Amino acid sequence: MADRLISGRERHASGSFDMGRTKKVGIAGRFGSRYGRKIRKTVIKTGSQKRFRCPSCMKLTLRRESAGIWTCSKCGTKLAGKAYKPE
Ligand SMILES: [Zn+2]
């Protein structure tokens, strides 16, 4: 149930920002056609919408705060990880 709620919000977050113009690129739409397909894909994947499992409370609430810094919105755990994934 909780997981379904989260994925619903994710879908909205990666949407078109009410611009109604970006088709599938979502958050990377701001780049237009620049920087190449692969980089834009990485931006979509590593954007603020993706959540990982928190090692402390085991919930899917771990979010990337900045490169290498991960925070859990549930229990407030802050940990250092890799730039694009927590471990
Ligand atoms: Zn946690």
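Its first residue numbered 75, the sequence shown is counted upward by one per residue in our numbering.
C-beta atoms are modelled at their ideal positions from N, C-alpha and C, and glycine is treated no differently.
Owing to the predicted nature of the structure, the values given are computational and were not obtained by experimental measurement.
Just to confirm, are K152 and K133 a CB contact at a threshold of 8 Å? Here the question's residue 152 lines up with position 78 in the sequence shown. Here the question's residue 133 lines up with position 59 in the sequence shown. Between K152 and K133, the CB-CB gap reaches or exceeds 8 Å.
Regarding K156 and ligand 1, is the C-beta to nearest heavy atom distance less than 7 Å? On the sequence shown, position 82 is the one that residue 156 refers to. False, no ligand heavy atom lies under 7 Å from that Cβ.
Output the distance between the C-alpha atoms of Y109 and K124, rounded to the nearest integer angstrom. Position 35 of the sequence shown, counted from the start, is the residue given in the question as residue 109. Position 50 of the sequence shown, counted from the start, is the residue given in the question as residue 124. Between Y109 and K124, the C-alpha separation is close to 22 Å.
Could you check which residue in I113, P160, K112 has the C-alpha nearest to that of W144? Working through the sequence shown from its first residue, we reach residue 144 at position 70. Ranking I113, P160, K112 by Cα distance to W144 puts P160 first.
Short of 7 Å in beta carbon distance, which residues of its chain neighbour A157, apart from the five on each side in sequence? Order them along the chain. In the sequence shown, residue 157 corresponds to position 83, counting from 1. Close CB contacts of A157 within its chain, under the 7 Å cut and outside five residues either way in sequence, are with A141, G142 (chain order).
I'd like the span of the beta strand (DSSP E) that includes T135, first residue to last. For this step, residue 135 is matched to residue 61 along the sequence shown. Here T135 belongs to no beta strand (DSSP E), and DSSP marks it neither H nor E.
With C146 as the anchor, note down where its beta strand (DSSP E) starts and where it stops. Position 72 of the sequence shown holds residue 146. Residues 143-146.
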